[in-house]
Every structure is written in C-alpha cells, then in structure tokens.
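Residue 148 is where the sequence shown starts when you use the numbering used here, and the numbers rise one by one after that.
Heads up, the beta-carbon is just placed ideally off N, CA and C, and yes, glycines get one too.
This structure is a prediction, so every number in the text was calculated from the model and none was measured.
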Amino acid sequence: MPHVAGQPVIIEAAINGVTRRDRNRHVPIEPAEIAADALACIAAGAAIIHNHIDRSGIDERAAAERYLEGWRPVLAERPDALLYPTVHIGAQPGYEHLAPLAESGALRLGIVDPGSVNLGGVDADGVPTGGFVYANSYDTIAHAFAICRRFGLGPNMAIYEPGFLRTVLAWWRAGRLPAGAMLKLYFSSERGYLGAPFGLPPTPAALDAYLELLGDCDLPWAVSVVGGDLAAHDLCRRALERGGHLHVGLEFYAGGREPTNLELVREAVELCREAGRPVASPDRAAELLRLRAPGGRISAATGDVT
148 MPHVAGQPVI IEAAINGVTR RDRNRHVPIE PAEIAADALA CIAAGAAIIH NHIDRSGIDE
208 RAAAERYLEG WRPVLAERPD ALLYPTVHIG AQPGYEHLAP LAESGALRLG IVDPGSVNLG
268 GVDADGVPTG GFVYANSYDT IAHAFAICRR FGLGPNMAIY EPGFLRTVLA WWRAGRLPAG
328 AMLKLYFSSE RGYLGAPFGL PPTPAALDAY LELLGDCDLP WAVSVVGGDL AAHDLCRRAL
388 ERGGHLHVGL EFYAGGREPT NLELVREAVE LCREAGRPVA SPDRAAELLR LRAPGGRISA
448 ATGDVT
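Right, here's the structure in full:
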C-alpha cells in the first residue's frame with residue numbers, strides 16, 4: 148500500500164449530462180445555472196469542473212460559444228478555474244470545438260475518450276438493448292491528442308473499459324501523450340449510463356485490476372461510479388488509500404437521494420479529510436497536472452500563447 152497521507156486530492160465535479168430534471172431537479176442546464184453551480188463547487192473544494200451543453204443542431208464554434216456563456220462568469224470570479232467540455236457528439240470527429248475554446252483563453256484541459264463502448268438501456272428482462280455505439284477509432288483518438296498537443300491542453304481521459312486504458316498506456320510508453328494527462332476510471336453500476344451496465348463494477352477488486360494494468364505508469368487517476376453514489380462505495384475509500392483522486396457530480400449520480408452538486412463535492416471533501424489527504428485547489432491541481440498558466444489566448448496556427 149503506497150504512503151499517501153498528506154498527498155492532495157483533485158476533486159472533479161461533473162455537474163450535468165445525461166441526468167435530466169425529471170430525475171434530479173437540481174441539475175444545472177442554462178449557462179447562468181452552470182456558472183453558479185461551478186462557482187459553488189469550486190468554493191467547496193472542487194478543482195475541476197466538467198459540464199455539457201445542449202448541442203442539438205449546432206456546429207463546433209456555436210458549441211464553444213455556448214460553453215463560454217457559462218464559463219465567462221466563473222473565470223471572472225475565479226481565473227484559476229479549470230473547466231472543460233464534453234465531446235461534441237454529432238460532429239465528426241467530435242473534438243473540433245476544443246480549438247475555439249482554447250483560442251478564447253478559457254481552456255487548459257482537453258477531453259479525449261480513448262476507445263469505444265456500447266451504451267444503451269435494458270429490456271423487460273434486463274437484457275441490454277439499443278443501437279448506440281460511442282465510437283472513438285484509433286485515428287480519432289490520435290486526432291484528439293493532436294488537438295490537445297497543439298493548444299497545450301491536458302487531456303482528461305475517461306476510461307469506460309479496460310481496453311481504453313491499454314490504449315492510453317501504449318501512448319504513454321511511446322512517450323507521445325500530451326502534457327497534463329489525467330485518467331478517470333469509470334466503474335459502472337448495474338444501471339450504467341443509460342440503463343445498461345458496461346465495463347467493470349464499482350468494487351475494490353475492480354480497482355485493483357485497473358491498478359495492475361497501470362503498473363509503473365505515474366499518470367494521475369480518479370475514480371467515478373456511473374449510475375451510483377461514489378461516496379457510498381468502499382471503492383472510494385480504497386482509491387483514496389491508493390493515491391487516487393475523485394470524480395463526483397450529477398452527471399453520473401444515481402441513488403435514493405436527490406442531492407445537489409455542492410452536496411456531492413462536500414461529501415467528497417469529508418471523505419478526503421477522513422483519509423488524511425488535503426483537497427487540491429485549482430492552482431494546486433494545475434501544478435500537479437503540469438498545466439500551462441491560465442488566461443492566455445492560443446493561436447490555432449502556431450500554438451503560441453498571446
């Protein structure tokens with residue numbers, strides 16, 4: 148067991164997504180709501196904020212502007228804030244909106260989902276059903292990493308299945324991952340993201356399997372329970388004992404309560420306190436991830452900060 152007492156924990160709050168208001172009335176949707184939730188979560192201890200927007204029928208530049216509507220008030224009050232979007236599903240290859248966000252100076256983290264997975268619901272017998280494949284080919288992954296490298300963005304990588312991690316490790320061993328990379332290990336409850344489970348379950352044994360795959364890789368990693376409550380799982384405490392970070396928020400939360408994002412962040416902070424680990428501020432998280440300094444506009448042509 149590694150000695151981790153005193154090591155700071157990066158808390159990421161994924162404040163919205165597939166969870167709609169008919170399931171939790173506290174989900175922020177409009178830009179002003181996103182800004183208010185983000186600021187409250189940062190004040191409570193979140194170092195990173197991730198959010199979605201309504202991407203229906205808009206191109207990448209319009210999507211970037213929609214993100215910025217919610218982010219500008221946050222950055223005006225907290226220029227240290229670490230914010231990043233989701234993949235722009237519906238546009239191929241899905242990562243082009245990172246460019247205008249980086250050009251604006253608002254973005255220091257990128258997103259790269261390094262693999263593909265079936266996502267869907269279940270029928271009356273509990274059998275997975277649906278035709279949606281969340282697809283990221285090897286070429287798409289390489290393209291997303293190239294965007295991160297061009298704009299100096301730290302790739303925040305969701306690991307839905309063990310194969311996703313093996314792809315990242317190949318890039319890491321080759322020395323070709325962009326700086327600032329971080330892993331989020333997703334553990335799926337039986338209800339998963341859209342109703343059907345995927346990947347590994349939220350158990351300490353499943354975490355051990357991922358850590359075995361990681362081996363001597365020193366990339367920072369966080370744990371998340373998709374379709375569950377991270378704070379209620381032994382997985383969370385085991386992760387803190389093993390040097391991991393935490394990914395919470397209403398994007399993935401499902402349980403018998405109707406919490407706010409702020410409550411979920413506060414619970415994560417308390418779990419860190421019990422584990423004897425301090426919570427990283429956005430500035431400390433940026434240091435740990437070796438992200439570039441905030442505020443500079445990035446040239447699409449050269450990658451220079453202006």
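In chain order, what residues of the same chain have a beta carbon less than 7 Å from the beta carbon of residue i, not counting five sequence neighbours either side?
i: residue 259; result: 288, 291, 292, 295, 302 and 304
i: residue 261; result: 283, 288, 304, 311, 314 and 315
i: residue 214; result: 200, 232 and 248
i: residue 374; result: 335, 336, 338, 339, 340, 399 and 401
What three-state label does DSSP hand residue i in the structure shown?
i: residue 441; result: coil
i: residue 226; result: coil
i: residue 102; result: Examination of residue 102 is not possible in this model, given that the chain is present from 148 through 453 alone.
i: residue 315; result: helix
i: residue 292; result: helix
i: residue 276; result: strand
i: residue 451; result: For residue 451, the predicted structure reports a pLDDT of 48, less than 50, and the residue's modelled location is therefore unreliable. A value from the coordinates is still provided. Coil at residue 451, not helix or strand.
i: residue 416; result: helix
i: residue 221; result: helix
i: residue 348; result: coil
i: residue 423; result: coil
i: residue 303; result: strand
i: residue 181; result: helix
i: residue 231; result: strand
Go through its chain and collect everything with a Cβ distance to residue i's Cβ below 6 Å, but skip five positions before and after it.
i: residue 230; result: 196 and 218
i: residue 277; result: 267 and 268
i: residue 245; result: 257 and 294
i: residue 164; result: 199 and 398
i: residue 438; result: 255, 301 and 327
i: residue 415; result: 158, 393 and 395
i: residue 408; result: 160, 162, 184, 188, 396 and 397
Which residues share a DSSP beta bridge with residue i?
i: residue 264; result: 281
i: residue 334; result: 372
i: residue 394; result: 159
With a threshold of 7 Å (Cβ to nearest heavy atom), would residue i be considered close to the ligand FMN?
i: residue 289; result: Absence of the ligand FMN is noted for the structure shown, with no ligands found whatsoever.
Using a threshold of 8 Å, state whether the C-beta atoms of residue i and residue j are closer than that.
i: residue 275; j: residue 353; result: no
i: residue 401; j: residue 335; result: no
i: residue 382; j: residue 372; result: yes
i: residue 222; j: residue 253; result: yes
i: residue 385; j: residue 425; result: no
i: residue 243; j: residue 235; result: yes
Tell me which same chain residues have a C-beta within less than 8 Å of the C-beta of residue i, skipping the five on either side of it?
i: residue 378; result: 395, 411, 414, 415 and 418
* Asked: Does the count of Cβ pairs from the stretch 166-173 and the stretch 204-212 closer than 8 Å reach three?
  -> no
* Evaluate contact between the stretch 410-425 and the stretch 388-396, counting only Cβ atoms and requiring at least three cross-stretch pairs below 8 Å. => yes
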